[in-house]
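Have a look at the structure below, then the notes.
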Amino acid sequence: MKLQHYLGGLEGLPEPLTLEKRVFIEDWEKRIFGVHVAMMGLSNHLGSAVPPYPIDDVPTALKDEWTWADLRTGAEAMNPFDYFKYRYYEKWLGGITQFFLDKGYITEEELAERIADFTPPSGDEGDAGIDDQVIAYLRLGDSPRRDVAHPKFAVGSAVRIANVPADAHSRLPGYLRGHVGMVERVFEGDYAYFCHTGDGIGDPMPIYIVAFEPTDIWGARAEEGPLALYAELFEAYLEPLTEEQS
Numbered sequence: 024m025k026l027q028h029y030l031g032g033l034e035g036l037p038e039p040l041t042l043e044k045r046v047f048i049e050d051w052e053k054r055i056f057g058v059h060v061a062m063m064g065l066s067n068h069l070g071s072a073v074p075p076y077p078i079d080d081v082p083t084a085l086k087d088e089w090t091w092a093d094l095r096t097g098a099e100a101m102n103p104f105d106y107f108k109y110r111y112y113e114k115w116l117g118g119i120t121q122f123f124l125d126k127g128y129i130t131e132e133e134l135a136e137r138i139a140d141f142t143p144p145s146g147d148e149g150d151a152g153i154d155d156q157v158i159a160y161l162r163l164g165d166s167p168r169r170d171v172a173h174p175k176f177a178v179g180s181a182v183r184i185a186n187v188p189a190d191a192h193s194r195l196p197g198y199l200r201g202h203v204g205m206v207e208r209v210f211e212g213d214y215a216y217f218c219h220t221g222d223g224i225g226d227p228m229p230i231y232i233v234a235f236e237p238t239d240i241w242g243a244r245a246e247e248g249p250l251a252l253y254a255e256l257f258e259a260y261l262e263p264l265t266e267e268q269s
């Protein structure tokens with residue numbers, strides 16, 4: 024499991040906490056966000072998405088799947104020291120670049136040449152079919168909801184967070200593993216994830232909001248006061264609490 028998943032309450036990080044509220048600090052960050060959204064709008068999984076898209080008819084050179092899961096996997100694959108060194112959209116840029124290299128869309132030599140000869144695009148280029156598809160995706164999105172909820176746990180249930188096998192990508196905060204919480208809410212649907220992560224999520228399942236007592240997680244280091252920690256968790260990460268464990 025990557026260090027990036029254990030940040031809750033972690034002390035001694037090299038940089039102080041920043042409360043920057045701007046979404047984009049540099050202009051190039053907007054372009055990276057746009058590239059990511061365009062890739063999601065042209066991803067080949069959209070033919071089976073909700074709603075479905077006529078992706079096979081779109082004249083795009085992107086023939087692979089690209090989702091939030093792929094973006095996150097790219098960031099999580101970074102060396103932890105690099106992960107903490109780079110800013111948010113620098114991580115995005117690194118993940119997107121590595122994707123195109125790994126999939127063979129471009130070689131490292133070609134990338135270096137294009138960087139050296141880079142000229143900002145005029146904005147007049149593009150294909151109407153591709154533009155229409157990306158705009159449709161921006162308007163309609165890609166819903167992960169597949170059914171009404173079929174929960175194993177009810178509101179008020181005490182649950183233990185599973186210590187699932189580590190994989191390349193996870194949606195489970197590492198610092199919650201093994202801790203006990205209380206189900207505060209069951210979301211209305213069963214939700215799929217973009218891919219099967221190897222630690223239990225992928226197929227449609229319920230999602231819960233689970234509440235934790237900070238002192239149960241951080242002990243004496245927890246801040247004083249009427250505080251609670253809430254986490255949205257897939258059902259695969261929850262285990263029933265037996266009488267022996269309670």
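Just add 23 to wherever you are in the sequence shown, counting from 1, and you've got my numbering. In this text, a Cβ means the ideal position worked out from N, Cα and C, and glycines have one as well. Every value quoted in this text rests on a predicted model; they were computed, and no experiment measured them.
Along the alpha helix (DSSP H) that carries residue i, what are the first and last residues, could you check?
{"i": "valine 60", "result": "50-64"}
{"i": "valine 182", "result": "Unbroken run through valine 182 is the beta strand (DSSP E), 181-184; no alpha helix (DSSP H)."}
{"i": "valine 157", "result": "151-163"}
{"i": "aspartate 125", "result": "111-125"}
{"i": "arginine 95", "result": "91-99"}
{"i": "aspartate 140", "result": "Segment: none, aspartate 140 is in no alpha helix (DSSP H) and carries neither H nor E."}
{"i": "lysine 108", "result": "103-108"}
Does residue i come out as helix, strand or coil in the three-state DSSP assignment?
{"i": "glutamate 131", "result": "helix"}
{"i": "aspartate 190", "result": "coil"}
{"i": "glycine 70", "result": "helix"}
{"i": "glycine 212", "result": "strand"}
{"i": "aspartate 170", "result": "strand"}
{"i": "glycine 201", "result": "coil"}
CB-CB under 6 Å to residue i, same chain, minus the five flanking residues each way: which ones, in chain order?
{"i": "proline 237", "result": "Ala245, Leu250, Leu252"}
{"i": "alanine 191", "result": "Thr96"}
{"i": "leucine 124", "result": "none"}
Buried or exposed: residue i, going by 16 or more other Cβ atoms within 10 Å of its Cβ?
{"i": "histidine 173", "result": "exposed"}
{"i": "serine 206", "result": "The sequence given here has valine at residue 206, not serine. Its Cβ being crowded by 16 or more others within 10 Å, valine 206 is buried."}
{"i": "leucine 163", "result": "exposed"}
{"i": "valine 233", "result": "buried"}
{"i": "lysine 114", "result": "buried"}
{"i": "phenylalanine 141", "result": "exposed"}
{"i": "glycine 64", "result": "buried"}
{"i": "leucine 271", "result": "Here the chain covers residues 24 to 269 and nothing more, so residue 271 does not appear."}
{"i": "glycine 248", "result": "exposed"}
Can you name, in chain order, every residue of its own chain whose Cβ lies under 8 Å from the Cβ of residue i, other than the five neighbours on each side?
{"i": "phenylalanine 56", "result": "Phe47, Tyr112, Trp115"}
{"i": "leucine 69", "result": "Pro75, Tyr76, Ile78, Tyr160, Asp165"}
{"i": "glutamate 131", "result": "Leu124"}
{"i": "methionine 62", "result": "Leu85, Trp89, Ile119"}
{"i": "aspartate 170", "result": "Gly212, Asp213, Pro227"}
Apart from the five residues on each side of it in sequence, which residues of its chain come closer than 7 Å, Cβ to Cβ, to residue i?
{"i": "lysine 86", "result": "Asn67"}
{"i": "aspartate 226", "result": "Ala215"}
{"i": "isoleucine 239", "result": "A quick correction: the sequence has aspartate, not isoleucine, at residue 239. Once the five neighbours on either side are set aside, the close Cβ partners of aspartate 239 are His202, Val203."}
Pick out the complete beta strand (DSSP E) segments inside the region 215-268, 3 residues or longer, and give them in chain order. 228-235, 252-257, 261-263
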